[in-house]
Amino acid sequence: MEDTDAILTQTEDAIRRWHDPRPGAMVRVAVAPCSPFSATPRLMRESAALARRAGVRLHTHIAETVDEEDYCRRIFGRRPLQLLDDLEWLGPDVWLAHCVHLNGDDIRRVAQTGTAVAWCPTSNLRLGSGIAPVGELLEAGAAVGLAVDGSASNDAGHMLAEVRQAMLLARARGNPKRMSARDALRIATRGSARCLGRDDVGALLPGKRGDVALYSADSLPMAGTQFDPVAALVYCFPQRVRHLVVDGRQVVRDGRLVNMDEDVIAADARSVEQRILTGTRERGNRGTRRARRGGM
182 MEDTDAILTQ TEDAIRRWHD PRPGAMVRVA VAPCSPFSAT PRLMRESAAL
232 ARRAGVRLHT HIAETVDEED YCRRIFGRRP LQLLDDLEWL GPDVWLAHCV
282 HLNGDDIRRV AQTGTAVAWC PTSNLRLGSG IAPVGELLEA GAAVGLAVDG
332 SASNDAGHML AEVRQAMLLA RARGNPKRMS ARDALRIATR GSARCLGRDD
382 VGALLPGKRG DVALYSADSL PMAGTQFDPV AALVYCFPQR VRHLVVDGRQ
432 VVRDGRLVNM DEDVIAADAR SVEQRILTGT RERGNRGTRR ARRGGM
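Numbering (our numbering), first residue to last: 182 to 477.
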């Protein structure tokens with residue numbers, strides 16, 4: 182394990198070198214130890230203090246699984262969110278991933294402190310974590326955004342597919358009117374901007390950055406949807422974006438990246454995969470040979 186002082190020093194250096202606080206910034210740094218049960222209490226407390234001195238946001242994973250809750254109760258005598266609260270890790274400068282297993286008191290505390298939640302529906306389904314109480318969080322006034330988690334728990338990372346998944350999953354708790362297509366889109370855009378503490382993105386309004394995603398309404402999956410193309414965008418099979426503009430600069434044109442060669446990226450990924458697989462097989466073969474020698 183890394184030394185706590187070294188972690189804090191390196192984190193402070195990363196903030197100093199890379200964090201850009203200006204409106205429209207493309208790179209911002211957040212202080213994000215993985216979870217309060219996999220980091221020491223000292224690291225959690227001092228990470229929070231460091232972030233607040235530097236004026237950057239805090240992020241961690243919490244209340245994802247039942248096992249996590251059992252562990253926190255057994256080791257710390259607290260529920261996961263209570264543990265975060267004790268460590269001064271709730272507030273308007275914090276966003277938390279998952280929050281699947283929250284009780285009523287937890288939900289009220291999240292809303293009361295202005296803490297934001299990054300909802301990861303596909304990841305939570307893939308790992309069998311459960312269904313986050315997003316409807317209750319929104320009713321309590323909490324900020325909720327949408328996230329795809331990482332490639333280890335979400336193989337697609339497709340944001341529009343995540344919007345559709347979110348809408349359907351919210352209804353799976355027994356209320357078909359709990360979340361509309363527009364509600365899900367609002368969480369993915371405005372809600373996510375709130376999670377990141379950004380008032381310069383998240384909506385097409387004067388004074389905000391020029392971020393626009395355009396989808397085709399003429400494709401076969403969208404045929405017969407002109408009565409409500411916005412809802413159809415969420416209900417129908419998730420499309421690939423047609424044109425994408427980020428801060429006024431087009432980065433996708435006709436479904437292809439403008440400034441990077443997608444075929445080269447895919448080939449590089451396959452090459453890395455092959456090296457990993459080859460290395461894994463070689464290590465496995467060496468282990469088998471050692472085991473055979475030891476058993477002779």
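Ideal placement from N, C-alpha and C gives every residue a C-beta, glycine not left out.
Nothing here was measured: the structure is a model prediction, and the numbers come from that model.
Check	Outcome
Alpha carbon to alpha carbon, how far is D267 from A337?	36 Å
When DSSP labels each residue in this structure, what does I243 get in the three-state scheme?	strand
Starting from G326, trace the beta strand (DSSP E) both ways and give me its first and last residue.	324 to 327
Consult DSSP for L224 and reduce its assignment to one of helix, strand or coil.	helix
Mind reading off the beta-carbon distance from A394 to V422? Whole number of angstroms is fine, and I expect it under 8 Å.	5 Å
Could you name the residues of the same chain whose beta carbon sits closer than 6 Å to that of G383, not counting the 5 residues immediately before and after it, in chain order?	T370, R371, A374
Can you tell me the Cα-Cα spacing of T192 and H200, whole angstroms?	11 Å
Which class does A337 belong to by DSSP, given the choice of helix, strand or coil?	coil
With a threshold of 16 other CB atoms inside 10 Å of the CB of C215, please say whether the residue is buried or exposed.	exposed
Would DSSP call L277 helix, strand or coil?	strand
I'd like to know whether the C-beta atoms of L239 and W276 end up nearer to each other than 9 Å.	yes
Report all residues from its chain with a CB closer than 7 Å to the CB of R434; omit the five preceding and five following residues, and keep chain order.	H424
Using only the alpha-carbon positions, how far apart do P202 and E227 sit?	21 Å
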